[in-house]
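**Student:** This is the structure I want to talk about, given as structure tokens.
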């Protein structure tokens, strides 16, 4: 009966739909469980810090010990179980989607190491991201689900064994925040090829998973209803002035330079650690020392009663996103004392410092700390820290008019106040969205970050300035540095051929015959025992070409040297 029901379901619904529903459901459950565990870890740190307010020394010890233990555990657990889970995972996935087989990157063991390691790393409060690792996690979900369903007759030899399962993992990775940009992001990151027939698969899996994830959030009373995660309320009748467009272009160009600098700094930190042979040998023996030291340094600098009071150090990354997206006035004519800071906004206020000084210190410190933290050998990404930095780069000058009537007439009624002059108020709002989208787009070389911002905030009133800023940021960043993912590919020396950058288009005219080695040993289809033995003795090549005959030289394939020796 169960078999007949299964066959009826497959025949009516279709095997693709069943696979996509299962993929969306599994990814939503995994995402929700990880977010719940991460929030619990962050809340535990706040509880420990707040419970020791009578002793600053004990507060400091709790503040630095807690993240150090979590990061050290994450690094050790990942190294023992599956070292392939370290890092973002997007560079390896890009390499796999180019047709290269990387062992152990899509296994259950790597999945467990990635999920647990990422949960501990993000629960520590370090400036680390989750978007890149979620791409890897979702791709592993798709691959493991395909293997799990392979024993069923309807899945055997079907489309689930094909390469698009990994692409669907890309699409399902960002559904926690925004389903539509998740699919667009997968297209941009894979870059070389995306079959049109996979569009509906990607959108369906992403939308279903996003729906389940948001329903779970409502069920757990994290949200009142399904709405934008960081909902903004910018004015829609007059979103921006036409003369502000050049300023938006400047924001994009500046973000392009900032994104290129971030990629350059991240790569130089890794290269410095590898080139210093003494340090490298020491850290290879003490693998957990480097993540522990980096975590100790960053947590010491963000300690709220210490230097952290000048950079809102007590805020988590989510709290920072909430405060920066909030379209609330922070200062009037540069004076922060005239306005009341409520709730978590209090972290940005310092009695002996201006709010803009706090922002500058926050940007400078978070920039290099994020570049350093992403080099820790734990499952982590860089998109979220870069997103936060981009938010804080550009304060918004908002015009607010007070009064009952804003259009004065010749016959002004008695008792009705005249229309006042506009006041220049400094707040957060439109500029944060531009900066976040532009800087994160410059680092990843993607344009879909603009759509991610729109879905996060629930407003598209600034679509034109955001797109201008993101496109210009991409143009500047691509001319200066590779994307963060391509930079990691070069550092790890993965077998991946990147696109030729600007100024190198003449290399498209280089042919294989211009660089190929012609004088090589080969095996013919009718070679004898002595011929094969002679070829193996006369060359050290690991792979030997197999041709039809010495006259035609038609390539039939290749044979590994070890296999040739075994045949002999």
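Residue numbers (our numbering): 154 to 721.
Note that the Cβ used here is the ideal one computed from N, Cα and C, for glycine as well.
#1: Cα separation between residue 517 and residue 667?
#2: Which residues does DSSP list as the beta-bridge partners of residue 677?
#3: Alpha carbon to alpha carbon, how far is residue 433 from residue 263? Give it in angstroms, no decimals.
#4: Note the first and the last residue of the continuous alpha helix (DSSP H) segment covering residue 405.
#5: Beta-carbon within less than 8 Å of residue 405's beta-carbon, same chain only, minus the 5 sequence neighbours each way: which residues are those?
#6: Tell me where the beta strand (DSSP E) around residue 711 begins and ends.
#7: Assuming residue 689 and residue 714 are in contact, meaning their beta carbons sit under 8 Å apart, how far apart are those beta carbons, in whole angstroms?
#8: In whole angstroms, give me the CA-to-CA distance for residue 509 and residue 538.
#9: Residues in its own chain within less than 7 Å of residue 337 by CB, not counting five upstream and five downstream?
#10: Are the CB atoms of residue 451 and residue 279 nearer to each other than 8 Å?
#11: If you drop the 5 nearest sequence neighbours on each side, which residues of the same chain put their C-beta closer than 6 Å to that of residue 290?
#12: Excluding the five sequence neighbours on either side, which residues of its own chain have a C-beta within less than 6 Å of the C-beta of residue 634, listed in chain order?
#13: Kindly list the residues whose CB is nearer than 8 Å to the CB of residue 596, restricted to its own chain and excluding five residues on each side of it in sequence; keep chain order.
#14: Output yes or no for whether 8 Å exceeds the beta carbon distance between residue 241 and residue 285.
#15: State the start and end residues of the unbroken alpha helix (DSSP H) segment that holds residue 683.
#16: Under a Cβ-count criterion, where at least 16 other Cβ atoms within 10 Å of its own Cβ denotes burial, should residue 703 be classed as buried or exposed?
#17: Please work out which residues of its chain come closer than 7 Å, Cβ to Cβ, to residue 244, disregarding the five sequence neighbours upstream and downstream, and give them in chain order.
#18: Please check the pair residue 408 and residue 543, which I expect to be a contact at CB under 8 Å, by giving their CB distance rounded to whole angstroms.
#19: When the Cα of residue 251 is compared with those of 342, 189 and 440, which residue comes out closest?
#20: So, helix, strand or coil for residue 615, using DSSP?
#21: Please name the residue, chosen from 236, 222, 211 and 372, that lies closest to residue 185 on a Cα-to-Cα basis.
#22: Grouping DSSP H, G and I as helix and E and B as strand, with all else coil, what is residue 719?
#23: Compute the distance between the beta-carbons of residue 697 and residue 675, then report whether it is under 8 Å.
#24: What is the C-beta distance between residue 448 and residue 220, in whole angstroms, given that I count them as a contact (C-beta under 8 Å)?
#25: With DSSP as the reference, please indicate the residues paired to residue 601 in a beta bridge.
#26: Return the CA-CA distance between residue 257 and residue 232, expressed in angstroms with no decimal places.
#27: Roughly how many whole angstroms lie between the Cα atoms of residue 687 and residue 669?
#28: Give me the Cβ distance between residue 235 and residue 259, rounded to the nearest whole Å; I'm assuming they're in contact under 8 Å.
#29: Per DSSP, what kind of secondary structure is residue 506 in: helix, strand or coil?
#30: Restricting to Cα atoms, I'd like to know which of 212, 294 and 712 is closest to residue 200.
#31: For residue 270, I'd like the list of residues in its chain whose CB is within less than 7 Å of its CB, leaving aside the five on either flank, ordered along the chain.
#32: Distance, Cα to Cα, residue 691 vs residue 705?
#33: Tell me, to the nearest whole angstrom, how far the beta carbon of residue 362 is from that of residue 246; I am working on the premise that it is less than 8 Å.
#34: Quick one: Cα of residue 506 to Cα of residue 497, how far?
#35: Between residue 359 and residue 399, which are expected to be in contact by the criterion C-beta below 8 Å, what is the C-beta distance as a whole number of angstroms?
#36: In angstroms with no decimal places, state the Cα-to-Cα distance between residue 177 and residue 334.
**Tutor:** According to the structure shown:
#1: Start at 1 with the first residue of the chain shown, and residue 517 comes out as number 364. Start at 1 with the first residue of the chain shown, and residue 667 comes out as number 514. Between residue 517 and residue 667, the C-alpha separation is close to 48 Å.
#2: Position 524 of the chain shown, counted from the first residue, corresponds to residue 677. Partner(s): 700.
#3: Residue mapping note: residue 263 aligns to position 110 of the chain shown, counting from 1. Residue mapping note: residue 433 aligns to position 280 of the chain shown, counting from 1. The alpha-carbon atoms of residue 263 and residue 433 are separated by roughly 25 Å.
#4: Locating residue 405 in the chain shown gives position 252, where the first residue counts as 1. Start and end: 398-428.
#5: Taking the first residue of the chain shown as 1, we reach residue 405 at position 252. Within the same chain, residue 405 has close Cβ partners 587, 591, 621, 622, 623, 624, 625, 626 and 629.
#6: On the chain shown, residue 711 is found 558 positions in, with the first residue counted as 1. 708-713 is the span of the beta strand (DSSP E), which, as asked, contains residue 711.
#7: As a first step, residue 689 must be located in the chain shown, where it is residue number 536. As a first step, residue 714 must be located in the chain shown, where it is residue number 561. With a Cβ gap of about 7 Å, residue 689 and residue 714 count as contacting.
#8: Sequence index remark: in the chain shown, residue 509 carries index 356 (1-based). Sequence index remark: in the chain shown, residue 538 carries index 385 (1-based). Straight-line Cα distance between these residues: approximately 20 Å.
#9: Counting from one through the chain shown, the residue named residue 337 turns up at place 184. If we look at residue 337 and ignore the five residues flanking it on each side, its Cβ neighbours are 601 and 604.
#10: Counted from its first residue, the chain shown places residue 451 at position 298. Counted from its first residue, the chain shown places residue 279 at position 126. Yes.
#11: Sequence index remark: in the chain shown, residue 290 carries index 137 (1-based). 267.
#12: The residue you call residue 634 lines up with position 481 of the chain shown. These residues qualify, in order along the chain: 413, 416 and 417.
#13: Along the chain shown, one-based indexing puts residue 596 at 443. Taken in chain order, the residues that qualify are 412, 415, 416, 535, 536, 539, 630, 636 and 637.
#14: As a first step, residue 241 is located in the chain shown; it is residue number 88 there, counting from the start. As a first step, residue 285 is located in the chain shown; it is residue number 132 there, counting from the start. Against a cut-off of 8 Å, the Cβ pair of residue 285 and residue 241 comes out as a contact.
#15: As a working mapping, residue 683 is identified with position 530 in the chain shown. Note, residue 683: alpha helix (DSSP H), 682-691.
#16: In the chain shown, residue 703 corresponds to position 550, counting from 1. Its Cβ having fewer than 16 others within 10 Å, residue 703 is exposed.
#17: For the purposes of this step, residue 244 is taken as the residue at position 91 of the chain shown. Excluding positions up to five away in sequence, the list reads 638, 641, 642, 645 and 647.
#18: Here residue 408 corresponds to residue number 255 of the chain shown, with the count starting at 1. Here residue 543 corresponds to residue number 390 of the chain shown, with the count starting at 1. By a beta-carbon distance limit of 8 Å, residue 408 contacts residue 543. Their separation comes to about 6 Å.
#19: Along the chain shown, read from residue 1 onward, the residue named residue 251 stands at position 98. Checking every option, the nearest Cα to that of residue 251 belongs to 342.
#20: One-based indexing of the chain shown puts residue 615 at position 462. The answer is coil: DSSP assigns residue 615 none of H, G, I, E or B.
#21: For the purposes of this step, residue 185 is identified with residue 32 of the chain shown, where counting begins at 1. Considering only 236, 222, 211 and 372, the residue with the shortest C-alpha distance to residue 185 is 372.
#22: Looking up residue 719 in the chain shown gives position 566. Helix.
#23: What you label residue 697 is simply residue 544 of the chain shown in a count that begins at 1. What you label residue 675 is simply residue 522 of the chain shown in a count that begins at 1. Closer than 8 Å, so yes.
#24: The count along the chain shown starts at 1 and reaches residue 448 at position 295. The count along the chain shown starts at 1 and reaches residue 220 at position 67. That pair is a contact at about 5 Å.
#25: In the chain shown, the residue the question calls residue 601 occupies position 448. In DSSP, residue 601 forms no bridge with anything.
#26: If you number the chain shown from 1, residue 257 lands on position 104. If you number the chain shown from 1, residue 232 lands on position 79. Roughly 13 Å between the two C-alpha positions.
#27: Taking the first residue of the chain shown as 1, we reach residue 687 at position 534. Taking the first residue of the chain shown as 1, we reach residue 669 at position 516. Residue 687 and residue 669: Cα-Cα distance of roughly 23 Å.
#28: Locating residue 235 in the chain shown gives position 82, where the first residue counts as 1. Locating residue 259 in the chain shown gives position 106, where the first residue counts as 1. Rounded, the Cβ-Cβ distance is 11 Å, inconsistent with contact.
#29: For the purposes of this step, residue 506 is identified with residue 353 of the chain shown, where counting begins at 1. Residue state, collapsed to three classes: strand.
#30: Translated into the one-based positions of the chain shown, residue 200 becomes position 47. Comparing Cα positions, the closest option is 212.
#31: For this step, residue 270 is matched to residue 117 along the chain shown. These residues qualify, in order along the chain: 227, 230, 231, 238, 531 and 532.
#32: For the purposes of this step, residue 691 is taken as the residue at position 538 of the chain shown. For the purposes of this step, residue 705 is taken as the residue at position 552 of the chain shown. In a straight line, the C-alpha of residue 691 is about 22 Å away from that of residue 705.
#33: Position 209 of the chain shown, counting from 1, holds the residue named residue 362. Position 93 of the chain shown, counting from 1, holds the residue named residue 246. Rounded, the Cβ-Cβ distance is 18 Å, inconsistent with contact.
#34: Mapped onto the chain shown, residue 506 falls at position 353. Mapped onto the chain shown, residue 497 falls at position 344. Each residue's alpha carbon lies about 18 Å from the other.
#35: Residue 359 sits at position 206 when you count from the first residue of the chain shown. Residue 399 sits at position 246 when you count from the first residue of the chain shown. Not quite, the Cβ-Cβ distance comes to about 36 Å (not below 8 Å), so this is no contact.
#36: Counted from its first residue, the chain shown places residue 177 at position 24. Counted from its first residue, the chain shown places residue 334 at position 181. Between residue 177 and residue 334, the C-alpha separation is close to 16 Å.
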